[in-house]
Amino acid sequence: MDKKVISGYIKNITAIMVVYAIIFYLIQIKVINNYYNGILILAGIYIIVAASLNLATGYLGQLALGHAGFMAIGAYTAALFAIAVDLPKYVELVAGLILGGVVAGIFGLIIGIPALRLRGDYLGIVTLGFGEIIRIALLNLSFTGGAAGLKGIPRYVNFTEIYFLVVLVIAFLFAFIRSRHGRAILSIKEDEIAAESVGIPTTFYKVYGFVVSAFIAGVGGGALGFYQRILDPKKFNFMFSVEFFIIVVLGGMGSITGTILAALALAFINEFLYSIDELRLVIYALTLIILMIFKSDGLLGRKEFSLIKLLNRFSKKTKIENAD
Amino acid sequence: MSLLKTEHIGMTFGGLKAVSDFSIEINENELVGLIGPNGAGKTTIFNMLTGVYAPTEGKVFLGETVVNKKKPYQIVTMGLGRTFQNIRLFKELSVIDNIKIAFHKDMSYSTVSAVFRGKKYWKEEKEIDIKARELLGLFNMEEDANVLSSNLPYGKQRKLEICRALATNPKLLLLDEPAAGMNPQETKELMETIAFIREKFKVSILLIEHDMSLVMGICERIIVIDYGRVIAAGTPDEIKSNEKVIGAYLGQ
Amino acid sequence: MAQFIQQIINGLNVGSIYALIALGYTMVYGIVKLINFAHGDILMIGAYFGFFALATFNVPFGLALVISMILCALVGMAIDRLAYKPLRNAPRISALITALGMSMLLQNLFRLLFGAQPRRMPAVIELKRIEIAPGIAISNLAIITILLSVGLMLLLEFVVKKTKTGKAMRAVSEDKAAAKLMGVNVDKTISITFAIGSALGAVGGLLYAINYYQVEPYMGMMPGLKAFVAAVLGGIGVLPGAMLGGFVIGLIETLTKGYISTTWADAFVFGILIIVLIFKPAGILGKNTREKV
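Residue numbers (my numbering), protein chains in the order written: chain E, 1 to 324; chain A, 325 to 576; chain B, 577 to 869.
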């Protein structure tokens, strides 16, 4: 490891801790009240699930329209586990999230192996159908609480937990994408035939990327259950999947920071427009259409947003101006 | 022993015979041209050799192994690299990433090592970074390493595609119309590049080409096909005077 | 046995509605390769137009149907012009998102305008049950639904196969550039396709609303999804496929409801879709195509 890398790590970790400290302090002194705290936590969950979808759609290039299904599987698995066992809080939280992710990943494998042979729209349709089946199953099974929902889940997630979970997921995704595995995944989106012709086992990496995506969506779902304390199967419908899709597209397919910004923005815009709820979704939909027509690659495109780079550039600029 | 050998391979698409009874043998350090009129089945042959299609008849050997049912990525690891007629680069990725992807099969660090940035990750990433830059340097493209490949001029895109195929460390390189869309000057440079590749990488080359000056100028052996069948094979001089070939090209 | 035949009749009734809606999906997909998610909401709009014509203006059923068809055709054309046409050469995923956005827009616009409360559809015709055999009955409404649907499908088949417009539609779906060179007005043809698809969707929507006695802003979603499944099942882009798919979905749905479980019926529909796509990705009547290397 050279020095540049280490200093990069130090910068990132410092930035992460500083942001955490600031927000935590604002929550403590009630500048961020419970209401906004709640929005932040939901936004964090949205970031996790949308980032997982970005891996499948933005990086791997596979149209996935059923991520609410994976999320639901993770949510119910984690919640049922936590209800069933009696362990210390953080053990239950961590084990529950991992278990939720693993079960979602297994479903991703089961659906992915046959479905990923299909191209484009067809994969979208199969994942859509899968999501619907999961929702209907949750509505009808008795051990999941059926249509009444699953109640009595312990609240294990608050701002601190969700913040570090988001950091973990994002760090994982960055490290994963910027490796030989990530490059293999990117090459599949670019040109599957060319990827295969330079020695990438494309089928393996399609399934692999999809399973990792399902795993993370499951973890996000688990976090949702541990925050809301109740799971309503009706929530995990097609429109919910579409919401994540919208976040990914708005932020830019293939930009994780774009996903973060879009999820945060949408979470807050949604809440501000809540008072005019009837209009809210109309505005939302109109914005989406207009954005697609005029800037179809999303806000950031494939670029990543970096606070450090921005600061560097800014300081350079001022230096040059000063020199003049 | 030959690098590549096919025994009477054929390909049928829903009752239509695209290629039939195609046999060929390519040895080390050879440069062979595959020519024929449009629609004669040349690219189909490439696709059979590289595993994109499984031949419906006959056998393809790489060394002594039958590779009929092998997937394209498996065939690459056995030493067969290729380029495409309509350049297939990873357009939205940088030039150097295009090359690095081709080194994928030579790397072995796990996802865990990647995510935790282990020793093996740094070691292998550093190695391929150096190797990729060296390779680009050989083709005077080191400067372009961070350029998006779709932003390269056409001639360089062709060159990058060849470069990427070479990064897979092939013993035999298949080039599908490398001079397509090039002007005479670019074609001349391409001929030099091909000669250089043979010299430097000690690979055999099988190329499809329409540009006769290129084929006649550099190939030692030429195979002519028409309607999916071999109609002639021999040295450039023999081909030039072959009546069947003249007939096929002039439509007699 | 009587019960089984009864279920088949019910299945054909629902299936014919799905088939009508599926035609719109398949026509649009065939010509612009877009999953028009807003098509499900076109049927909702059609139902609303029909509702207002019937309930507010008291026009006869036939006229209400025609009004609803014409208005929906216009809406369909407008959607294409405003939202989809600017994205004709954009990445397909952008067009898909726009379609999803359009679907959200229509649902919520109608909710904003007319409220989320379902409205009761007036009884258009006096409901009569005709006993065919002991234990097997068919309502006059079901007869009308099936006959109207099948009639419109035959008409569409005639238009596409025999008329100049139909020829243009097939040409554009085959190869846009070539069709243009042959003098086909591509934009106009696409517009007509949207118009016809939407008009059929309007009929489907109105019939659906009459069969279930109500209209509401989100009513298009489930039948829309199922009709879409029908289109894919039959082979998307293939007209007879959409019809076949519609009937198959209708039958599967009623048979599962009748013999297995009411609540799991929709899961069965999607499950069968997934299985069919995995084993025959192009659908029952579709052709497999391979990517050119």
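Each residue gets a CB set at the ideal place from its N, CA and C atoms; glycine is no exception. This one's a predicted model, so the numbers in the text were calculated from it and none came from an experiment.
In angstroms, rounded to a whole number, what distance separates the CA positions of residue i and residue j?
| i | j | result |
| --- | --- | --- |
| L459(A) | D500(A) | 21 Å |
| A68(E) | S537(A) | 59 Å |
| F268(E) | V85(E) | 36 Å |
| A754(B) | V748(B) | 8 Å |
| N353(A) | E192(E) | 30 Å |
| M795(B) | D617(B) | 8 Å |
| I521(A) | A503(A) | 15 Å |
| K526(A) | V5(E) | 38 Å |
| I13(E) | V166(E) | 14 Å |
| G360(A) | T367(A) | 11 Å |
| F245(E) | L782(B) | 31 Å |
| D121(E) | F70(E) | 19 Å |
| E92(E) | F81(E) | 8 Å |
| G405(A) | N493(A) | 8 Å |
| L63(E) | G571(A) | 50 Å |
| R482(A) | F385(A) | 28 Å |
| S692(B) | G209(E) | Rather than Ser, the amino acid found at residue 692(B) in this sequence is Ala. C-alpha separation (whole angstroms): 40 Å. |
| K455(A) | K424(A) | 9 Å |
| A491(A) | I547(A) | 27 Å |
| M17(E) | P667(B) | 39 Å |
Find the residues of chain E that neighbour residue i, judging by a C-beta separation of less than 8 Å, and give them in chain order.
| i | result |
| --- | --- |
| V808(B) | Y122, I125 |
Can you name the residues of chain B whose CB is closer than 7 Å to the CB of residue i?
| i | result |
| --- | --- |
| Y59(E) | The contacting residues do not exist; Y59(E) stays about 13 Å from chain B at best. |
Comparing the C-beta of residue i with each C-beta of chain E, is any distance below 8 Å?
| i | result |
| --- | --- |
| D421(A) | yes |
| I828(B) | no |
| F370(A) | no |
| M680(B) | yes |
| I766(B) | no |
| L688(B) | yes |
| L676(B) | yes |
Can you have a look at residue i and say buried or exposed, based on whether 16 or more other CB atoms are within 10 angstroms of its CB?
| i | result |
| --- | --- |
| M697(B) | buried |
| Q579(B) | exposed |
| E448(A) | buried |
| Q325(E) | This structure gives no information on residue 325(E), because the portion of chain E shown stretches from 1 to 324. |
| T721(B) | buried |
| F625(B) | buried |
| R135(E) | buried |
| E190(E) | buried |
| F633(B) | exposed |
Tell me, please, whether the CB atom of residue i is closer than 8 Å to any CB atom in chain B?
| i | result |
| --- | --- |
| L141(E) | no |
| V211(E) | no |
| M292(E) | yes |
| A265(E) | no |
| D324(E) | Residue placement at D324(E) is flagged as unreliable, the pLDDT there being 49, under the threshold of 50; a coordinate-derived value is accordingly withheld. |
| A137(E) | yes |
| A50(E) | no |
Name the chain E residues whose beta carbon is nearer than 9 Å to that of residue i?
| i | result |
| --- | --- |
| P793(B) | Under the 9 Å cutoff, chain E gives no residues; its nearest Cβ is about 10 Å from P793(B). |
| T769(B) | Result: empty, since nearest Cβ-Cβ is about 18 Å, beyond 9 Å. |
Could you check whether the Cβ of residue i sits closer than 8 Å to any Cβ belonging to chain A?
| i | result |
| --- | --- |
| V198(E) | yes |
| I193(E) | yes |
| F130(E) | no |
| L186(E) | yes |
| T202(E) | yes |
| A175(E) | yes |
| R183(E) | yes |
Given that residue i touches chain E, what residues does it touch there, using C-beta distances under 7 Å?
| i | result |
| --- | --- |
| M431(A) | R180 |
| P494(A) | Here the premise fails: no neighbours, minimum Cβ distance about 10 Å. |
Residue i touches chain A at which residues, Cβ-Cβ below 7 Å?
| i | result |
| --- | --- |
| F215(E) | What F215(E) touches in chain A: nothing, since even the nearest Cβ is about 12 Å away. |
| E190(E) | F414, K415, E416, L417 |
| F172(E) | V439 |
Kindly indicate if chain F contains any beta-carbon less than 8 Å away from that of residue i.
| i | result |
| --- | --- |
| L685(B) | No chain F appears in the structure shown, which is made up of the protein chains E, A and B. |
So residue i contacts chain B; which residues on that side make the cut at Cβ distance below 8 Å?
| i | result |
| --- | --- |
| L63(E) | I669, L672 |
- Query: What residues in the stretch 841-868 of chain B bring their beta carbon closer than 8 Å to a beta carbon of chain E?
  - Reply: Within the stretch 841-868 of chain B, the qualifying residues are D842, A843, F846, G847, L849, I850, L853, I854, P857, E867.
- Message: Can you pull out the residues from the stretch 636-666 of chain B whose beta carbon lies closer than 8 Å to at least one beta carbon of chain E?
- Response: Those residues of the stretch 636-666 of chain B placed with their C-beta closer than 8 Å to a C-beta in chain E are A659, P662, L663, A666, ordered along the chain.
- Query: Got a sec: which bits of the stretch 296-308 of chain E sit with their beta carbon under 7 Å from any beta carbon on chain B, in order along the chain?
  - Reply: S296
- Item | Contacting positions in the stretch 432-445 of chain A - beta carbon closer than 8 Å to chain E | Hits within the stretch, in order: Y433, T435, A438, V439, F440, R441, Y445.
- Task: With 8 Å as the limit, tell me which residues of the stretch 461-490 of chain A have their beta carbon closer than that to any beta carbon of chain E; keep them in chain order.
- Result: R488, A489
- May I ask you to list, following chain order, the residues of the stretch 599-621 of chain B that have a beta carbon less than 7 Å from some beta carbon of chain E? I611
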